[in-house]
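Chemist:
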Amino acid sequence: HIPCPRNAYFCFRSEYVKVEKCVSTRPGSLDLTAMSRGTADVWRGLSDAERAPYIRMAQEEKAAHTLKYHNYRYAP
Numbered sequence: 095h096i097p098c099p100r101n102a103y104f105c106f107r108s109e110y111v112k113v114e115k116c117v118s119t120r121p122g123s124l125d126l127t128a129m130s131r132g133t134a135d136v137w138r139g140l141s142d143a144e145r146a147p148y149i150r151m152a153q154e155e156k157a158a159h160t161l162k163y164h165n166y167r168y169a170p
């Protein structure tokens with residue numbers, strides 16, 4: 095199984111979750127459903143300029159993925 099490259103939102107989410115886990119005050123208090131909803135809300139509120147680094151990151155991952163798996167085709 096070849097994983098597909100992450101899109102900009104998932105690049106953002108990965109970084110956001112790392113920060114939020116560090117900020118969590120009680121160990122084990124992380125509710126993944128709430129975290130996902132919160133992350134999506136924050137993402138929707140970002141400006142184009144704030145999203146730009148994650149868009150670039152996703153483009154770079156896609157380019158690296160294409161080089162590594164040049165015959166890859168998404169097949170759900």
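Its first residue numbered 95, the sequence shown is counted upward by one per residue in this note's numbering. Cβ coordinates follow ideal geometry from the N, Cα and C atoms, glycine included. Fair warning: this is a prediction, and the values are worked out from it, not measured in the lab.
Please state whether DSSP places residue 96 in a helix, a strand or coil.
Modeler: Reduced to three states, the DSSP call for residue 96 is coil.
Chemist: Contact between the stretch 125 to 140 and the stretch 98 to 114 is defined here as three or more beta-carbon pairs at a separation below 8 Å; is this criterion met?
Modeler: Touching, yes.
Chemist: Express the C-alpha separation of residue 145 and residue 160 in angstroms, rounding to a whole number.
Modeler: Straight-line Cα distance between these residues: approximately 23 Å.
Chemist: Curious, which full-length beta strand (DSSP E) runs of at least 3 residues does the stretch 114 to 169 contain?
Modeler: The stretch 114 to 169 contains no whole beta strand (DSSP E) run of 3 or more residues.
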